[in-house]
Each structure stands twice: as structure tokens, then as C-alpha cells.
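Novice: Just so you know, the sequences run in chain order A and B. Take the first sequence: its position 64, counting from 1, is numbered 64 in the working numbering, and each next residue is one higher. Whatever position you read off the second sequence (first residue = 1), add 1000 for the working numbering. For glycine and all other residues, C-beta sits at the position ideal for the given N, C-alpha and C.
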Amino acid sequence: MPCLRSKYALRHQSKGITNVLGAILFVLAIVALTSIIAVVSIEYGGYVRSADYLSTVERERSQEELLFTHASDIDGQLKLNITNIGSETITLNSILVHNKSGTGAIEVTNMAALPITLNPGMVQVNYRIPGMIVTPATNCTIVFVSSRGNSFIIVIQGLEIYPPNPY
Amino acid sequence: MISMRRTRRGVSEVVATLALVAITLAAMAIYVQAFNTYFAGETGLLTGIFRMGSEQNYERLSIIYVFQNDTRLGDAHLYVSVYNYGARNATIVKIVLDASTLEYSPSMVRTGELVVLKLNQTVSVNTVHVISIITDRNNVISTQFRL
């Protein structure tokens, strides 16, 4: 019995952190670990969302297709029929006109305030490019830029549109 | 012994609970604030990689058109039109043309904006050239062109 008592006393005299301090350290460790896991999860989730955004944008972008046909050029006003022959809704919000005659001026018309939106199969009839006058001597390249960064190029030369209507 | 314990001074249980709740809330607020401050700036390696990858994915540029003045004119330049169709404003920091880096001061292309970059460079006609645009998020947009 005396032997047992001395062992018990020894156990109680052993030095170490208190129960309270141990509990606090444990809680801190748990909080820190949870925080790290939460942050990595959030950042990884953000990355997955951005990758999904990227693949969606590029897929939709690859399915944009337009057909331009010459409507009329009465009074020097070039009028175009623009048909969406792709499978995605197309929003045209910029036009770049490169006048290749003379010094070769390049002009950008931003249509963001009034874009052309074409659903699949829809036709924009008699579209007139703002400020564009054509003559038999006109030699210019017109680039329509969609909101997804696709460019649709036509060339106006001698009142004809190139490439010609394939249909 | 019992009388001694009963006469001991201290806060009541209600006050102690309120104090504990207040201390916990204050500690949590300090922790969350410090946490946000830390992760708003430079982050750790793993989270930094994810964040940089996300920002790169959201930044999308497209080279629309390349054009050059008549080289017989004294003031000939190469013009490159670039459109930003991504969800982030992009800053172009470097342009590489046929394996040589051009002098270019950084410029921003905002989301949904079409800009024409004027380069102090001309290229030979009827030859295929390669142009690459490098952004500050280290995205590289390259295209081939022939004038």
C-alpha cells in the first residue's frame, strides 16, 4: 500500500501542460486545420468554376457562324443581310473597317450600346454600316466582331462582297 | 469547509457566460479579420496556383486583324487589333513578333473592348509571320498572319 501511494504521488507531480492549455492548443490546431482546408477548397472551387467558364465560352465561340449577303447599294448605301447560320446566339458589338484605298485608314465602330443580336437562323435585313459609303472604287475589308471574340470578315470591292454567297 | 466555499467572491454564472460569449466573439472577429487580410494579399503556394489559374482562365483575348501601312510611306506602322472577350480586363505587357520582342509600353484592354495597337515595326509582305501577345497574367495569344 505505501508503494502504491508513492506511485500515485509521482504521477501527480509530473510536469506538463495543464488540461486547459492542452485543450486550447487542441482547439487552435483544429481551427487552423479547418481554415486551411476551407481556403484550399474555396480556391479550388473557384478554379473549377473558371475552367467551366473557359470551356463554355470556347465551345460557344466555336459554334458561331454568320452569312453575309449583299442586299443593295442604292445611293451609295451598302446594305447587308446578315444571317446567323450557327447554333448559338451571336451578338455583334464592334465593326472594324479597313479602307485599303489611299493611306489605308482603319476605323473602329463600337456598337456596344446598340449591338446586333441574332438568334440561330435569324436574319438582320438591310443592315447599313454607320457612315459607310460605297462606290465602284471602294476597296475595303470589314470585320464584324462578336462578343465572344470571333471575327467575321468580308471584303467589299467594286460593289461586290467577298466571299460570295456559297448557297 | 462548506462555509468557506460559499463565501468565496466571483462573478455570477450569467455574467461569466456573457463574458465568455463576448470573448469568443471578439476572438473570432480578430481571427476572421486577420484571415481575410492574409488571404487578400499574397497567399500560399497552393491557393496562389489555383487563384492564378482562375484569373488566367477568365482573361481571354483574341487577335482580330493585322494590318500595315504602305511601307513606301515614311510613317509606316504595323497595326494589330485585339478584342477582349473575357471576364477580366487584360494588360498587354509584351509583344513578340517572329521571335523578336518589340518595345511596347503596357496597355490595358477592357472587357468587351476592341483596341488597335500601333507598333513601331513593319514586316515583309507575302510572308507568313507569327505574332504573340503576352499579358501580365502570363497568358500568351499567338496567331499567324500574312500581309
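DSSP state of R128/A, grouped into three classes?
Specialist: Residue 128/A sits at position 128 when you count from the first residue of the first sequence. It is a strand residue.
Novice: In whole angstroms, give me the CA-to-CA distance for V1093/B and M1108/B.
Specialist: Stepping through the second sequence from its first residue, residue 1093/B is reached at position 93. Stepping through the second sequence from its first residue, residue 1108/B is reached at position 108. Approximately 9 Å between the Cα atoms of the pair.
Novice: If you run the structure through DSSP and keep just helix, strand and coil, what is Y173/A?
Specialist: Any answer about residue 173/A is impossible in this case: the structure gives chain A only from 1 up to 167.
Novice: Evaluate L1114/B with the Cβ neighbour count: other Cβ atoms within 10 Å of its Cβ, from every protein chain shown; 16 or more gives buried, anything less gives exposed.
Specialist: As a first step, residue 1114/B is located in the second sequence; it is residue number 114 there, counting from the start. Buried, by the Cβ-count rule.
Novice: With a CB to CB cut of under 6 Å and the five nearest residues on each side skipped, what residues in its chain are close to L4/A?
Specialist: In the first sequence, residue 4/A corresponds to position 4, counting from 1. Caution is warranted here: a pLDDT of 49 is assigned to L4/A, below 50, making its placement in the model unreliable, and the coordinate value is therefore given only provisionally. Taken in chain order, the list of residues that qualify is empty.
Novice: Just to make sure I have the definition right: I need the residues of chain B whose C-beta is within less than 9 Å of the C-beta of N93/A. Which are they?
Specialist: Working through the first sequence from its first residue, we reach residue 93/A at position 93. Under the 9 Å cutoff, chain B gives G1112, L1114.
Novice: In chain A, what lies closer than 8 Å to S1081/B by C-beta?
Specialist: Mapped onto the second sequence, residue 1081/B falls at position 81. Chain A residues near S1081/B: L96, I106, V108, V143.
Novice: Quick check on E1059/B: buried or exposed, where buried means 16 or more other Cβ atoms within 10 Å of its Cβ?
Specialist: As a first step, residue 1059/B must be located in the second sequence, where it is residue number 59. Classification of E1059/B: buried, given that the 10 Å Cβ count is 16 or more.
Novice: Buried or exposed: where does S1142/B fall if 16 or more other Cβ atoms within 10 Å of its Cβ makes it buried?
Specialist: By one-based count along the second sequence, residue 1142/B stands at place 142. Looking at its Cβ environment, which holds fewer than 16 other Cβ atoms inside 10 Å, S1142/B is exposed.
Novice: Can you tell me whether I169/A is buried or exposed? The criterion is at least 16 other CB atoms within 10 Å of its CB, across all chains shown.
Specialist: Since the displayed chain A opens at 1 and closes at 167, residue 169/A lies outside it and no answer follows.
Novice: Cβ of P120/A within 7 Å of Cβ of S151/A?
Specialist: For the purposes of this step, residue 120/A is identified with residue 120 of the first sequence, where counting begins at 1. For the purposes of this step, residue 151/A is identified with residue 151 of the first sequence, where counting begins at 1. No, these two residues do not count as a Cβ contact at 7 Å.
Novice: Please report the Cβ distance between R1110/B and N1139/B, rounded to the nearest whole angstrom; I am assuming they are in contact, meaning their Cβ atoms lie under 8 Å.
Specialist: Along the second sequence, one-based indexing puts residue 1110/B at 110. Along the second sequence, one-based indexing puts residue 1139/B at 139. About 16 Å; that fails the 8 Å criterion.
Novice: Terminal residues of the continuous alpha helix (DSSP H) containing N1120/B?
Specialist: Your numbering for residue 1120/B matches position 120 in the second sequence. No alpha helix (DSSP H) contains N1120/B, which DSSP labels as neither H nor E.
Novice: What does DSSP give as the partner residues of A1090/B in its beta bridges?
Specialist: The residue given as residue 1090/B occupies position 90 in the second sequence. Answer by DSSP bridge pairing, in chain order: V1109/B.
Novice: By a C-beta neighbour count over all protein chains shown, 10 Å radius and 16 as the cutoff for buried, is G149/A buried or exposed?
Specialist: Position 149 of the first sequence, counted from the first residue, corresponds to residue 149/A. By the neighbour-count rule (16 or more Cβ atoms within 10 Å), G149/A is buried.
Novice: In three-state DSSP terms, what is Y1083/B?
Specialist: Translated into the one-based positions of the second sequence, residue 1083/B becomes position 83. Y1083/B: strand per DSSP, three-state reduction.
Novice: Taking only beta carbons into account, state which residues of the stretch 39-72 of chain A come closer than 7 Å to chain B, listed in chain order.
Specialist: Result list: V39, V40, E43, Y44, G46, Y47, S50, A51, Y53, L54, V57.
Novice: Out of curiosity, what's the CA-to-CA distance linking T1091/B and I1133/B?
Specialist: In the second sequence, counting from the first residue as 1, residue 1091/B sits at position 91. In the second sequence, counting from the first residue as 1, residue 1133/B sits at position 133. Rounded to the nearest angstrom, the two C-alpha atoms are 10 Å apart.
Novice: Let me check you understand the geometry: is the CB of T1024/B closer than 6 Å to at least one non-hydrogen atom of the ligand PLP?
Specialist: In the structure on display, the ligand PLP does not appear, and there are no ligands present to speak of.
Novice: Which residues in chain A sit within 7 Å of N1057/B, going by Cβ to Cβ distance?
Specialist: Walking along the second sequence from the start, residue 1057/B turns up at place 57. Those are S50, A51, Y53, L54, listed as they occur along chain A.
Novice: Could you check how far apart the C-beta atoms of L78/A and V134/A are, in whole angstroms? I think they sit under 8 Å.
Specialist: Numbered from 1 along the first sequence, position 78 holds the residue referred to as residue 78/A. Numbered from 1 along the first sequence, position 134 holds the residue referred to as residue 134/A. Rounded, the Cβ-Cβ distance is 4 Å, consistent with contact.
Novice: Could you name the residues of chain B that G149/A contacts, counting a contact when the two beta carbons are closer than 7 Å?
Specialist: In the first sequence, residue 149/A corresponds to position 149, counting from 1. By Cβ distance, chain B contributes R1060, S1062, Y1083, Y1085.
Novice: Kindly provide the ranges of any beta strand (DSSP E) runs that are 3 or more residues long and lie completely inside the stretch 15-103 of chain A, ordered along the chain.
Specialist: As far as the stretch 15-103 of chain A is concerned, its whole beta strand (DSSP E) runs of at least 3 residues are 66-72, 77-84, 90-99.
Novice: When we look at the beta-carbon of S50/A and count the other beta-carbons within 10 Å, is it buried (16 or more) or exposed?
Specialist: For the purposes of this step, residue 50/A is identified with residue 50 of the first sequence, where counting begins at 1. By the neighbour-count rule (16 or more Cβ atoms within 10 Å), S50/A is buried.
Novice: Residues of chain B with a CB under 8 Å from the CB of S35/A: which are they?
Specialist: Within the first sequence, residue 35/A is the residue found at index 35, counting from 1. Here the neighbours are F1035.
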